[in-house]
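*Asks:* So the sequence lines, in the order shown, correspond to chains F and D. Note that our numbering has the first sequence beginning at 272, numbered continuously upward. Note that our numbering has the second sequence beginning at 3, numbered continuously upward. Can you read through this structure? Questions will come right after.
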Amino acid sequence: EADIYQTPRYLVIGTGKKITLECSQTMGHDKMYWYQQDPGMELHLIHYSYGVNSTEKGDLSSESTVSRIRTEHFPLTLESARPSHTSQYLCASSENGVYGYTFGSGTRLTVV
Amino acid sequence: SQQGEEDPQALSIQEGENATMNCSYKTSINNLQWYRQNSGRGLVHLILIRSNEREKHSGRLRVTLDTSKKSSSLLITASRAADTASYFCATDSTNAGKSTFGDGTTLTVKP
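Given below as structure tokens:
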């Protein structure tokens with residue numbers, strides 16, 4: 272079944288740790304996105320990709336980085352986590368952005 | 003500033019009633035999408051309406067688009083307790099397929 276998967280679902284880590292949030296999709300979509308969302312708030316685009324070896328920064332300044340080595344995989348890395356990074360991170364993909372986005376279930380990150 | 007802004011921020015109704023949510027945006031768009039989000043989960047795509055369409059239906063959902071007023075509405079008819087969620091509109095204002103999301107309407111349907 273075509274879908275988009277995010278792991279881990281929940282993560283609690285200490286300040287200064289390096290972490291990678293995983294996102295994989297099985298739909299063959301070229302476009303993938305990372306959004307940050309605080310509880311009950313709007314979504315902010317932090318990174319996106321139009322295909323392999325393509326990555327762009329989004330509207331929200333972020334201290335994270337992404338890579339797109341394979342079509343199906345779009346991991347997000349925080350080199351040094353801080354409490355201000357505590358949030359929910361949502362990964363999404365789309366087929367040319369024409370039919371809407373498919374979202375993963377999200378990773379809820381807490382940095383202590 | 004946000005491209006899409008939903009109104010109202012929160013809506014509470016009884017089961018069986020209709021729920022209407024509005025979305026306003028600022029720039030020209032290619033399409034507008036509505037999503038639903040259950041608490042703590044990812045968003046689920048509900049319906050997409052293109053800029054040359056005025057109305058679209060999907061089950062109990064009815065979406066309208068008025069490009070002259072830069073606004074859209076989502077109507078959920080005969081609401082159910084299971085419709086309780088946050089609803090977001092998103093606009094694609096370029097051909098790059100990068101959508102901007104509003105801050106959502108929280109709908110509570112009381113059984």
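Don't be surprised by glycine CBs; every beta carbon is placed ideally from N, CA and C.
Whose C-beta lies closer than 6 Å to the C-beta of E293(F) among residues of the same chain, with five residues either side of it excluded?
*Replies:* Here residue 293(F) corresponds to residue number 22 of the first sequence, with the count starting at 1. Counting only Cβ-Cβ distances below 6 Å, and skipping sequence neighbours, we find T278 and P346.
*Asks:* Within 10 angstroms of the Cβ of L331(F), are there 16 or more other Cβ atoms? Answer buried if so, exposed if not.
*Replies:* Along the first sequence, one-based indexing puts residue 331(F) at 60. Exposed is the call here.
*Asks:* If you measure from the beta carbon of Q16(D) to each beta carbon in chain F, is any gap under 8 Å?
*Replies:* One-based indexing of the second sequence puts residue 16(D) at position 14. Answer no: the Cβ-Cβ gap between Q16(D) and chain F never drops below 8 Å.
*Asks:* Scan the segment 331-360 of chain F for residues whose Cβ lies nearer than 7 Å to a Cβ of chain D and list them as they occur along the chain.
*Replies:* So the list is empty, because no residue satisfies the distance condition.
*Asks:* Leaving aside the five residues before and after N20(D) along the sequence, list all residues of the same chain whose C-beta is less than 8 Å from its C-beta, in chain order.
*Replies:* Looking up residue 20(D) in the second sequence gives position 18. The residues are L77, I78, T79, A80 and S81.
*Asks:* What are the start and end residues of the beta strand (DSSP E) that includes R379(F)?
*Replies:* Translated into positions along the first sequence, residue 379(F) becomes position 108. Taken as a continuous stretch (DSSP letters only), the beta strand (DSSP E) holding R379(F) covers T378 to V382.
*Asks:* Give the residues of chain F in contact with F13(D), contact being defined as C-beta atoms less than 8 Å apart.
*Replies:* Counting from one through the second sequence, the residue named residue 13(D) turns up at place 11. Strictly speaking, residue 13(D) in this sequence is Leu, with Phe absent from that position. Those do not exist, as L13(D) stays about 14 Å from chain F at its closest Cβ, beyond 8 Å.
*Asks:* With H, G and I counted as helix, E and B as strand and the rest as coil, what does DSSP make of H356(F)?
*Replies:* Looking up residue 356(F) in the first sequence gives position 85. Looking at H356(F) - three-state DSSP - the assignment turns out to be helix.
*Asks:* Given a threshold of 16 other Cβ atoms within 10 Å of its Cβ, counted over all protein chains shown, does S358(F) qualify as buried or as exposed?
*Replies:* The residue given as residue 358(F) occupies position 87 in the first sequence. So S358(F) counts as buried.
*Asks:* If you compare alpha carbons, which of T286(F), I284(F) and M298(F) is closest to N367(F)?
*Replies:* The residue you call residue 367(F) lines up with position 96 of the first sequence. N367(F) has its Cα closest to that of M298(F), out of T286(F), I284(F) and M298(F).
*Asks:* With DSSP collapsed to three states, give me the class of A21(D).
*Replies:* In the second sequence, residue 21(D) corresponds to position 19, counting from 1. Strand at A21(D).
*Asks:* To which residues of the same chain is G42(D) closer than 6 Å at the C-beta, ignoring the five residues directly before and after it?
*Replies:* Taking the first residue of the second sequence as 1, we reach residue 42(D) at position 40. For G42(D), where only same-chain residues beyond five positions count, there are no Cβ hits under 6 Å.
*Asks:* Indicate the three-state DSSP secondary structure (helix, strand or coil) for D309(F) in the structure shown.
*Replies:* Walking along the first sequence from the start, residue 309(F) turns up at place 38. DSSP places D309(F) in coil when its eight states are reduced to three.
*Asks:* In or out: M303(F) buried (at least 16 other Cβ within 10 Å) or exposed?
*Replies:* Numbered from its first residue, the first sequence carries residue 303(F) at position 32. Per the 10 Å Cβ criterion, buried.
*Asks:* S3(D) CB to nearest chain F CB: under 8 Å?
*Replies:* The residue given as residue 3(D) occupies position 1 in the second sequence. The predicted model places S3(D) with a pLDDT of 37, which falls under 50 and marks its position as unreliable; any figure quoted below should be read in that light. Output row for S3(D): interface = no.
*Asks:* If we ignore side chains and look at the alpha-carbon of each, how far apart do E55(D) and T66(D) end up?
*Replies:* Numbered from 1 along the second sequence, position 53 holds the residue referred to as residue 55(D). Numbered from 1 along the second sequence, position 64 holds the residue referred to as residue 66(D). Going from the Cα of E55(D) to the Cα of T66(D) covers about 8 Å.
*Asks:* Which chain C residues sit within Cβ distance under 9 Å of M312(F)?
*Replies:* Looking for chain C here will not work: the only protein chains present are F and D.
*Asks:* Leaving aside the five residues before and after R379(F) along the sequence, list all residues of the same chain whose C-beta is less than 6 Å from its C-beta, in chain order.
*Replies:* Numbered from 1 along the first sequence, position 108 holds the residue referred to as residue 379(F). Excluding positions up to five away in sequence, the list reads Y281 and Q359.
*Asks:* Whose Cβ in chain D lies nearer than 7 Å to the Cβ of T373(F)?
*Replies:* Walking along the first sequence from the start, residue 373(F) turns up at place 102. In chain order: H47.
*Asks:* Taking buried to mean at least 16 other C-beta atoms within 10 Å of its own C-beta, is Y276(F) buried or exposed?
*Replies:* As a first step, residue 276(F) is located in the first sequence; it is residue number 5 there, counting from the start. Classification of Y276(F): exposed, given that the 10 Å Cβ count is below 16.
*Asks:* Ordered along the chain, which non-local residues of its own chain (more than five positions away) have a Cβ less than 8 Å from that of Y319(F)?
*Replies:* Sequence index remark: in the first sequence, residue 319(F) carries index 48 (1-based). The residues are K302, M303, Y304, W305, T326, E327 and G329.
*Asks:* So, does the CB of C294(F) fall closer than 8 Å to a CB anywhere in chain D?
*Replies:* Taking the first residue of the first sequence as 1, we reach residue 294(F) at position 23. For C294(F), the answer is no, since every Cβ of chain D falls outside 8 Å of its Cβ.
*Asks:* Does the Cβ of V337(F) have 16 or more other Cβ atoms within 10 Å, making it buried, or fewer, making it exposed?
*Replies:* Locating residue 337(F) in the first sequence gives position 66, counting from the first residue. Looking at its Cβ environment, which holds 16 or more other Cβ atoms inside 10 Å, V337(F) is buried.
*Asks:* Using a Cβ-Cβ cutoff of less than 8 Å, which residues in the same chain neighbour S3(D) once the five nearest sequence positions on both sides are dropped?
*Replies:* Position 1 of the second sequence holds residue 3(D). With a pLDDT of 37 at S3(D), under the threshold of 50, the modelled position of this residue cannot be trusted, and the question is left open.
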